[in-house]
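A.B. asks: To start, I am sharing the structure in question, which I have written as structure tokens.
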Ligand SMILES: Nc1ncnc2c1ncn2[C@@H]1O[C@H](COP(=O)(O)OP(=O)(O)OP(=O)(O)O)[C@@H](O)[C@H]1O
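In the numbering used here, the protein residues as written are 787 to 1277.
Pasting the structure below:
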């Protein structure tokens, strides 16, 4: 039993360390190797657990049986028949009770295991969102506590089963030994049974050792992200002025394709800057670089005049609010979903953020209000409602810089209207960068950059660029035609 407790704890620690390690990796690592390591999480950790399987503990039981065998042998004489009958009756009764109790204990254990799997898949599937909100540590804690609870219940369950097994072994010994007057035979039979089991698992053992080797090698590998979390300066104030200076960039997973050759652009503090362009022009990459999910290959990104590489990553991300195309909601309450933006936010702050993002009214109408559970990936809410919660999450931290990456593009025109209003409310008195396909969402921007294949081809206000009659103008006209086409098709 003690070895069972120890082995389960070791396995739980390895699982937590593995998830923590994955979350401590740079985003580019995810682009390259996440799939491979998720496989390890689901495959190798599973296989490796054979090393900690309770059946392996039968070796311990064998020793116990031999011991009890000798004790029982000493007791034998004229009471054999009575002893056998009595023991059998008690055994059946105890087995029934143990089975009943073990069923009860198994349920919570399974529930916590399911919770662990859910947390791991939520976290790994939305790693960019967690990085943006520095939420990985909170998740590791959640995973750890669920794993701890699963193990606690597993141990309760194992205790009941082990107690039953121990009693049955004892009872069996007494019965058989009493019948045959030959204790060692039974002990040997049991030992042979366990050896047979060990032989049967030899091939699995090889797989388990192999898997354990891979898991340990990964845990031993170096993670460069941790260093940057601890390093870097944290200026007293955040000046939301961003400058891209001759930036060259390629994604680590496709080194042969440069996204930016020589990108220079300025985001002025307190203004709304929009970036438009065809698909693949590099618009979203700008958002990833400002959040420092990746580092530039050459050139510089300056924030408030300081090279982004000199700033502390967590501090930087805490100053930024990001709203992406697909809102990432987690299967917890609305309140907790908004709190992801600021871990220590009070309920008042959460309500205030929800009011700004026009989410408060619909939240209040839900039966449990802010305590309503949103379901897996926010399934219980509409697209527009989810996006308004995502906006509340982005602004609860009162970010100096707001990055909106196609924040309305996945919505239908009805939801788009209200979300657009919520965004305009959120943008007030903030430096904002809008990445958008649709011209309607960028008209009001102070500056618009039109991009094509990683280069800025035009810069100006909507009116200036329309008058210019160039790239932006043609994008706007194409869109106008497409929208008309859609209206005709719908009619
Ligand atoms: N994680 C990644 N790994 C490798 N290449 C990527 C990655 N993300 C984007 N790219 C590539 O980088 C280029 C710029 O992508 P980006 O997403 O910035 O474009 P975009 O202008 O935002 O496009 P869209 O409007 O379709 O979202 C594209 O060629 C894209 O295929």
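For glycine and all other residues, C-beta sits at the position ideal for the given N, C-alpha and C. The structure presented is a predicted model; accordingly, all values stated were derived computationally and were not measured.
Within a Cβ cutoff of 7 Å, which residues of the same chain sit near residue 1048, ignoring the five residues on either side of it in sequence?
C.D. replies: Residue numbering aside, residue 1048 sits at position 262 when the chain shown is read from its first letter. Excluding positions up to five away in sequence, the list reads 1032 and 1034.
A.B. asks: Helix, strand or coil: which one does DSSP assign to residue 1223?
C.D. replies: By 1-based counting over the chain shown, the position of residue 1223 is 437. DSSP places residue 1223 in coil when its eight states are reduced to three.
A.B. asks: If you follow the alpha helix (DSSP H) that residue 1069 is part of, which residue opens it and which one closes it?
C.D. replies: For the purposes of this step, residue 1069 is taken as the residue at position 283 of the chain shown. It spans 1069-1076 - the alpha helix (DSSP H) in which residue 1069 sits, taken as one unbroken run.
A.B. asks: May I have the straight-line CA-CA distance separating residue 1186 from residue 1026, to the nearest angstrom?
C.D. replies: Residue 1186 sits at position 400 when you count from the first residue of the chain shown. Residue 1026 sits at position 240 when you count from the first residue of the chain shown. So the two alpha carbons sit approximately 6 Å from each other.
A.B. asks: Among 1177, 1118 and 1211, which has the Cα closest to the Cα of residue 1165?
C.D. replies: Position 379 of the chain shown, counted from the first residue, corresponds to residue 1165. Residue 1165 has its Cα closest to that of 1118, out of 1177, 1118 and 1211.
A.B. asks: In this structure, how does DSSP classify residue 1004 when only helix, strand and coil are distinguished?
C.D. replies: As a working note, residue 1004 is residue 218 in the chain shown. Helix, per DSSP.
A.B. asks: What does the alpha-carbon distance come out to for the pair residue 930 and residue 1267?
C.D. replies: For the purposes of this step, residue 930 is taken as residue 144 along the chain shown, with counting starting at 1. For the purposes of this step, residue 1267 is taken as residue 481 along the chain shown, with counting starting at 1. Each residue's alpha carbon lies about 54 Å from the other.
A.B. asks: Just to check, is the beta-carbon of residue 903 closer than 6 Å to a non-hydrogen atom of ligand 1?
C.D. replies: Position 117 of the chain shown, counting from 1, holds the residue named residue 903. Result no, Cβ not under 6 Å from ligand 1.
A.B. asks: Under a three-way DSSP split, which group does residue 811 fall into?
C.D. replies: Working through the chain shown from its first residue, we reach residue 811 at position 25. Reduced to three states, the DSSP call for residue 811 is coil.
A.B. asks: Just curious, the alpha helix (DSSP H) that residue 1100 is in, first and last residue?
C.D. replies: On the chain shown, position 314 is the one that residue 1100 refers to. It spans 1099-1104 - the alpha helix (DSSP H) in which residue 1100 sits, taken as one unbroken run.
A.B. asks: On the DSSP bridge list, what partners appear for residue 1119?
C.D. replies: Translated into the one-based positions of the chain shown, residue 1119 becomes position 333. The partner list for residue 1119 (beta bridge, DSSP) reads 1159.
A.B. asks: So, is residue 1130 buried or exposed, given that buried needs 16 or more other C-beta atoms within 10 angstroms?
C.D. replies: As a first step, residue 1130 must be located in the chain shown, where it is residue number 344. That one is exposed.
A.B. asks: Whose C-alpha, out of 1239, 1235 and 1252, is nearest the C-alpha of residue 1245?
C.D. replies: Counting from 1 along the chain shown, the entry for residue 1245 is found at position 459. For residue 1245, the nearest C-alpha among the options comes from 1235.
A.B. asks: Could you name the residues that DSSP lists as bridge partners for residue 1084?
C.D. replies: On the chain shown, position 298 is the one that residue 1084 refers to. Note: residue 1084 sits in a beta bridge opposite 1034.
A.B. asks: Which class does residue 1191 belong to by DSSP, given the choice of helix, strand or coil?
C.D. replies: Counted from its first residue, the chain shown places residue 1191 at position 405. Correct three-state label for residue 1191: strand.
A.B. asks: Report the residue ranges of all beta strand (DSSP E) runs contained in full by the region 1163-1214; include only those spanning at least 3 residues, in chain order.
C.D. replies: Whole beta strand (DSSP E) segments, 3+ residues: 1187-1191.
A.B. asks: Might you give, ordered along the chain, the residues of its own chain that have their beta carbon closer than 7 Å to the beta carbon of residue 1005, omitting 5 neighbours on each side?
C.D. replies: To locate residue 1005, count along the chain shown from 1; it is residue 219. 803, 804 and 807.
A.B. asks: Could you check what DSSP says for residue 998 in three-state terms: helix, strand or coil?
C.D. replies: Position 212 of the chain shown, counted from the first residue, corresponds to residue 998. Note: residue 998 maps to helix in three-state DSSP.
A.B. asks: Name the residue from 1242, 1184, 1140 and 1233 whose alpha carbon lies nearest to the alpha carbon of residue 1059.
C.D. replies: Taking the chain shown and counting its residues from 1, the one referred to as residue 1059 is at position 273. Measuring from the Cα of residue 1059, the nearest candidate turns out to be 1233.
A.B. asks: Below 6 Å, is the gap between the Cβ of residue 1069 and the nearest heavy atom of ligand 1?
C.D. replies: What you label residue 1069 is simply residue 283 of the chain shown in a count that begins at 1. Because some heavy atom of ligand 1 lies under 6 Å away, the Cβ of residue 1069 counts as near it: yes.
A.B. asks: Taking Cβ to Cβ, would you say residue 1238 is nearer than 7 Å to residue 1067?
C.D. replies: Taking the first residue of the chain shown as position 1, residue 1238 is located at position 452. Taking the first residue of the chain shown as position 1, residue 1067 is located at position 281. Yes; because the gap between Cβ atoms is below 7 Å, this pair is in contact.
A.B. asks: Assuming contact is defined by CB atoms lying nearer than 7 Å, are residue 1148 and residue 1171 in contact in what I supplied?
C.D. replies: Counted from its first residue, the chain shown places residue 1148 at position 362. Counted from its first residue, the chain shown places residue 1171 at position 385. Yes. Within cutoff.
A.B. asks: In angstroms with no decimal places, state the Cα-to-Cα distance between residue 939 and residue 1074.
C.D. replies: On the chain shown, position 153 is the one that residue 939 refers to. On the chain shown, position 288 is the one that residue 1074 refers to. Those two C-alpha atoms are separated by around 42 Å.
A.B. asks: What's the C-alpha gap between residue 1123 and residue 883?
C.D. replies: Locating residue 1123 in the chain shown gives position 337, counting from the first residue. Locating residue 883 in the chain shown gives position 97, counting from the first residue. Going by the C-alpha atoms only, they are around 43 Å apart.
A.B. asks: Helix or strand or just coil, what does DSSP make of residue 1276?
C.D. replies: As a position in the chain shown, residue 1276 is number 490, starting the count at 1. Summary for residue 1276: the model assigns pLDDT 45, below 50, so the residue's position carries little reliability, and this model does not support an answer.
A.B. asks: Can you list, in chain order, the residues of its chain with a C-beta nearer than 7 Å to that of residue 1095? Leave out the 5 residues immediately preceding and following it.
C.D. replies: Residue numbering aside, residue 1095 sits at position 309 when the chain shown is read from its first letter. Cβ within range, chain order: 1081.
A.B. asks: Alpha carbon to alpha carbon, how far is residue 1175 from residue 1069?
C.D. replies: Taking the chain shown and counting its residues from 1, the one referred to as residue 1175 is at position 389. Taking the chain shown and counting its residues from 1, the one referred to as residue 1069 is at position 283. Roughly 24 Å separates the two Cα atoms.
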